[in-house]
Amino acid sequence: MELLSNLALGFQNALSLTNLAYAFMGCFLGTLIGVLPGLGPLATISMLLPLTYALPPDAALIMLAGIYYGAQYGGSTTAILVNLPGESSSVVTALDGFQMARQGRAGVALSTAAIGSFFAGCVSTLAIAMLASTLAEFAFEFGPKEYFSLMILGLLLATVLSTGPVLESIAMVVLGAMVSLVGTDVNTGEQRFTFGLTQLYDGVDFVVLAMAIFGFAEIVRNLRTDPEDRSLVTQRITNLFPSREDWKRMAAPILRGSIVGTMFGVLPGGGAALASFAAYTLEKKVSGTPEKFGNGAIEGVAGPESANNAAAQTSFVPLLTLGLPSNAVMALIVGAMMIHDIQPGPQVMTSNPNLFWGLIASMWVGNLILVLLNLPLVGLWVKLLTIPYRFLYPAILMFCCIGIYSLKNDTFEIYQAALMCVAGYVMLQLKLPPAPLLLGLVLGPQVEENFRRAMLLSRGDATVFFTSPLSATLLAIAAAALIFMLLPAVRSKREKALQE
Amino acid sequence: MLSREAKVEVRNQRALLSGAVFFAFAVFYLFLSKDYDPGTAARMGPGYFPRMLGYCLAALGLLIMAGSLRRSADLEKIAPWNLKVLLWITGSIVLFALLLPRAGLVLSLAVLLTVAGRASREFTWRGSIISTVVLIAIAVGAFYYGIGLQFPLFPVGL
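In order, the protein sequences belong to chains A and B.
All residue numbers for the first sequence refer to my numbering, where the first residue is 1 and numbers rise by one.
All residue numbers for the second sequence refer to my numbering, where the first residue is 1001 and numbers rise by one.
#1: E500/A by DSSP, collapsed to three states: which one?
#2: With distances taken between CB atoms, is the gap from L370/A to A114/A smaller than 8 angstroms?
#3: Taking the continuous alpha helix (DSSP H) assigned at I387/A, which residues delimit it?
#4: Since L1032/B is in the alpha helix (DSSP H), which residue starts that stretch and which ends it?
#5: Which term fits W364/A, buried or exposed, when burial requires 16 or more other beta carbons within 10 angstroms of its beta carbon?
#6: Assuming E1076/B is part of the alpha helix (DSSP H), what are its boundary residues?
#7: Please check if any C-beta of chain A sits within less than 8 angstroms of the C-beta of R1014/B.
#8: So the alpha helix (DSSP H) S111/A belongs to, where does it begin and stop?
#9: So which residues of chain A does M1044/B contact, with C-beta pairs closer than 7 angstroms?
#10: Under the rule that 16 or more other beta-carbon atoms within 10 Å means buried, what is S1131/B, buried or exposed?
#11: So which residues of chain A does P1101/B contact, with C-beta pairs closer than 7 angstroms?
#12: If you run the structure through DSSP and keep just helix, strand and coil, what is Q191/A?
#13: Give me, in chain order, the residues of the same chain whose beta-carbon lies closer than 7 angstroms to that of F277/A; leave out the 5 immediate sequence neighbours on both sides.
#14: Which residue comes first and which comes last in the alpha helix (DSSP H) that contains G460/A?
#15: Cβ of Y527/A less than 8 angstroms from any chain B Cβ?
#16: Using beta carbons (cut-off 8 angstroms, strictly below), is E146/A in contact with chain E?
#17: Ignore the nearest five residues each way along the sequence and tell me which others in P290/A's own chain have a CB closer than 7 angstroms to its CB.
#18: Just tell me which of Q347/A, D341/A, N295/A, V329/A has its CA closest to the CA of L320/A.
#19: Which residues of chain B have a Cβ atom closer than 7 angstroms to the Cβ of C401/A, listed in chain order?
#20: Just mark V173/A as buried or exposed, buried being the case when its beta carbon has 16 or more other beta carbons within 10 Å.
#21: Check this for me: beta carbons of L407/A and D205/A, under 8 angstroms apart or not?
#22: Considering Cα atoms alone, identify which of V1085/B, G1104/B, V1094/B, C1056/B is closest to F1025/B.
#23: What would DSSP say about T350/A, mapped onto helix, strand or coil?
#24: Which runs of the alpha helix (DSSP H) spanning at least 4 residues fall entirely within the segment 377-449 of chain A, listed in chain order?
#25: Determine, using beta carbons only, whether T31/A comes closer than 8 angstroms to chain B.
#26: In chain order, which continuous runs of the alpha helix (DSSP H) of length 4 or greater are located wholly inside the segment 23-60 of chain A?
#27: Where do the N-terminal and C-terminal ends of the alpha helix (DSSP H) with Q103/A fall, by residue?
#28: Using only alpha-carbon positions, find the residue among A60/A, E448/A, M47/A, G265/A that is nearest to N327/A.
#29: Checking 8 angstroms against the spacing of the C-beta atoms, do G1051/B and S1033/B come in under that value?
#30: If we ignore side chains and look at the alpha-carbon of each, how far apart do F1151/B and L1100/B end up?
#31: Determine which residues of the segment 1056-1067 of chain B have a Cβ less than 9 angstroms from any Cβ of chain A, and write them out in chain order.
#32: Cβ closer than 7 angstroms: which chain B residues qualify as neighbours of R192/A?
#33: When the cut-off is 8 angstroms and only beta carbons count, does W1081/B lie next to chain A?
#34: Among L475/A, L181/A, L7/A, whose alpha-carbon lies nearest the alpha-carbon of T125/A?
#35: Once DSSP output is grouped into helix, strand and coil, what is the label at T184/A?
#36: Hey, A508/A and N308/A are a contact pair by Cβ (cut 8 angstroms); roughly how many whole angstroms apart?
Structural data, given as structure tokens:
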């Protein structure tokens, strides 16, 4: 019954009037920006992050979580209505969702996505509440060497499971870690890689990097392509409500999708994209009429949408229990937590139960808000979709520039972002994945810290990572995953799977 | 076009350049790290971990370059660069940063939005002016009066 009392505590916190207001604002702003074509959750979150800095920690996290779900849902809306998936997790939704929209069933597709997401949100919130305490207890056994190995494993899994060639992704993590060392070395107080600039003593702000890449460099890349022909579904969306037949057809896929998503979300690097892909494949396999998929099958919307929402939520599990962000969005959230002086990890639950359970309860509240918010506002979202890109990107630039300035009330960060925009454009041109870079940047200092401590404790003996059973197991899994991914046969299959 | 005498055919140009960029950055980073004391494995100084990462990235860069030359490497070219757009956008950001503390929010935003607007092929003065005015109004309302961010609204010290 501890679970119930914990959840009760959480709901008490999440349902306070101010926190409810922040959750609502987060969901609204997240959807508002996430719905704009070309702006995925990463860009949305990094743009809106500065807004949460002034808030108290629990309100800030609750609002951030709202922004995340909103952005995720906004992405699905874009996928269904314009066939322009803003990010990889809604690619699958576009397959059948857009077909449904073309058949005049856009409203039904949108409400299916909302209902599926809501149900999945309920399942995964419960799963998190149950899993979190167990995993966190496990994490208390960890010392520096175990943490080091765990982070290596997490970073490696996150790279091999994300898009992009394996070696290049790993190089991006290393690069991110290298950049993270800029600033004051905590152990000796010495300045590293600061070029004598006092503004760099605190290190490179991950928000600046995120906005420079997902905001600025993305714009440069988007402007290169020819004026897109946006096959927007322009007819008015009239019937939002699924028929009895629709309800029957979506029930099982939603349930299956929720389970698949909950499981995939916990995996480092897995997250929403992999989950929605897996759910779609599963639905197609169990369906009696697989030929309907791709032609507007409601199952093809219900399954993946439930899965990606469930996964979006359970990806908080490794973060909250082990302090390990499993994807780039979680890396941004770690950064936000650190700004509020919360070190993500197992101790959050015990030292800050209000915040921890409040966040979990607010996940459920956020999902409810999304359903209540999005269905009536569909008309507004459709209007937003018609804004041409040439009016959109100056606005993105403006919000990013002012947002970056607001971090420290200083223009230095804007110059820094301009430089990173150039670097980011080179990265995008070379198809180097930016997500691992961000993970490396956020986790780099902790990897160094734990490495140093472990080596200090072992008096400079590096074999300690292999003699401690827990650490050795973690490293063995990491090595196995790496070797497996580098096998030629798996490699080509993986590329195919990720491309689809 | 590769000449006929070329001994090694570059199959994956994208990977080759990526590897080279990684390698070059690693060398630069290692060069900077030589000023930091590495200490010993048991008592690491500020230079130990950076060196480890530097060597690691250098090795990865070389591996990636080597992989791009293999006969089984994927055929990949680099997408055409669009330096003009990059210049307009980056330039507009730098101009904004330069102008903001001196000329104030309104003017610097006008410059940012107009210069950046030129990057689009569908640029028209009319559309640009209208959207610039609207966006400046939003920014002044939300950030100056709303959140109360600290910057001058109009040129200072004139």
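Each residue gets a CB set at the ideal place from its N, CA and C atoms; glycine is no exception.
The answer reads as follows:
#1: Mapped onto the first sequence, residue 500/A falls at position 500. Per-residue confidence for E500/A stands at a pLDDT of 46, beneath the threshold of 50, marking its modelled position as unreliable; the derived number appears in the next sentence. The answer is coil: DSSP assigns E500/A none of H, G, I, E or B.
#2: Sequence index remark: in the first sequence, residue 370/A carries index 370 (1-based). Sequence index remark: in the first sequence, residue 114/A carries index 114 (1-based). In contact: L370/A and A114/A (Cβ atoms closer than 8 angstroms).
#3: For this step, residue 387/A is matched to residue 387 along the first sequence. I387/A -> no alpha helix (DSSP H), and no H or E assigned at all.
#4: Here residue 1032/B refers to the residue found at position 32 of the second sequence. L1032/B -> alpha helix (DSSP H) spans 1013-1033.
#5: As a working note, residue 364/A is residue 364 in the first sequence. Buried.
#6: Reading the second sequence from its first residue, position 76 is the one you call residue 1076/B. E1076/B -> no alpha helix (DSSP H), and no H or E assigned at all.
#7: On the second sequence, position 14 is the one that residue 1014/B refers to. Yes, R1014/B lies at the interface with chain A (some Cβ there is under 8 angstroms from its Cβ).
#8: Residue numbering aside, residue 111/A sits at position 111 when the first sequence is read from its first letter. Element bounds for S111/A: 106-139.
#9: What you label residue 1044/B is simply residue 44 of the second sequence in a count that begins at 1. Ordered by position in chain A, the residues that pass the 7 angstroms Cβ test against M1044/B are R452, M455.
#10: Translated into positions along the second sequence, residue 1131/B becomes position 131. The residue is buried, with at least 16 neighbouring Cβ atoms inside 10 Å.
#11: Working through the second sequence from its first residue, we reach residue 1101/B at position 101. Those are T411, listed as they occur along chain A.
#12: In the first sequence, counting from the first residue as 1, residue 191/A sits at position 191. Note: Q191/A maps to strand in three-state DSSP.
#13: Position 277 of the first sequence holds residue 277/A. Taken in chain order, the residues that qualify are V92.
#14: Numbered from 1 along the first sequence, position 460 holds the residue referred to as residue 460/A. Counting along the chain, G460/A falls outside any alpha helix (DSSP H), and DSSP gives it neither H nor E.
#15: With chain A covering only 1 through 500, there is no way to say anything about residue 527/A.
#16: The displayed structure is made up of protein chains A and B, and chain E is not among them.
#17: Residue 290/A sits at position 290 when you count from the first residue of the first sequence. K284, listed in sequence order.
#18: For the purposes of this step, residue 320/A is identified with residue 320 of the first sequence, where counting begins at 1. Of Q347/A, D341/A, N295/A, V329/A, the residue nearest in Cα terms is Q347/A.
#19: Along the first sequence, one-based indexing puts residue 401/A at 401. Neighbours of C401/A on chain B, chain order: I1093, F1096, L1112.
#20: Within the first sequence, the letter at position 173 stands for residue 173/A. Buried, by the Cβ-count rule.
#21: To locate residue 407/A, count along the first sequence from 1; it is residue 407. To locate residue 205/A, count along the first sequence from 1; it is residue 205. Yes.
#22: Walking along the second sequence from the start, residue 1025/B turns up at place 25. For F1025/B, the nearest C-alpha among the options comes from C1056/B.
#23: As a first step, residue 350/A is located in the first sequence; it is residue number 350 there, counting from the start. If DSSP states are grouped into helix, strand and coil, T350/A belongs with the helices.
#24: 389-408, 412-429
#25: Numbered from 1 along the first sequence, position 31 holds the residue referred to as residue 31/A. False, the Cβ-Cβ gap to chain B never drops below 8 angstroms.
#26: 41-52
#27: To locate residue 103/A, count along the first sequence from 1; it is residue 103. From DSSP, Q103/A is part of no alpha helix (DSSP H); its letter is neither H nor E.
#28: Stepping through the first sequence from its first residue, residue 327/A is reached at position 327. For N327/A, the nearest C-alpha among the options comes from G265/A.
#29: Counting from 1 along the second sequence, the entry for residue 1051/B is found at position 51. Counting from 1 along the second sequence, the entry for residue 1033/B is found at position 33. Correcting the residue identity first, residue 1051/B is Arg in this sequence and not Gly. The answer is yes: Cβ separation under 8 angstroms.
#30: Here residue 1151/B refers to the residue found at position 151 of the second sequence. Here residue 1100/B refers to the residue found at position 100 of the second sequence. So the alpha carbons of these two residues sit roughly 7 angstroms apart.
#31: C1056, L1057, L1060, G1061, L1063, I1064, G1067
#32: Here residue 192/A refers to the residue found at position 192 of the first sequence. By Cβ distance, chain B contributes Y1036, P1046, P1050.
#33: Taking the second sequence and counting its residues from 1, the one referred to as residue 1081/B is at position 81. Interface residue, yes.
#34: On the first sequence, position 125 is the one that residue 125/A refers to. Measuring from the Cα of T125/A, the nearest candidate turns out to be L7/A.
#35: Here residue 184/A refers to the residue found at position 184 when the first sequence is read from its first residue. Three-state DSSP puts T184/A in a strand.
#36: Coverage of chain A is limited to positions 1 through 500, which leaves residue 508/A absent and any answer about it impossible.
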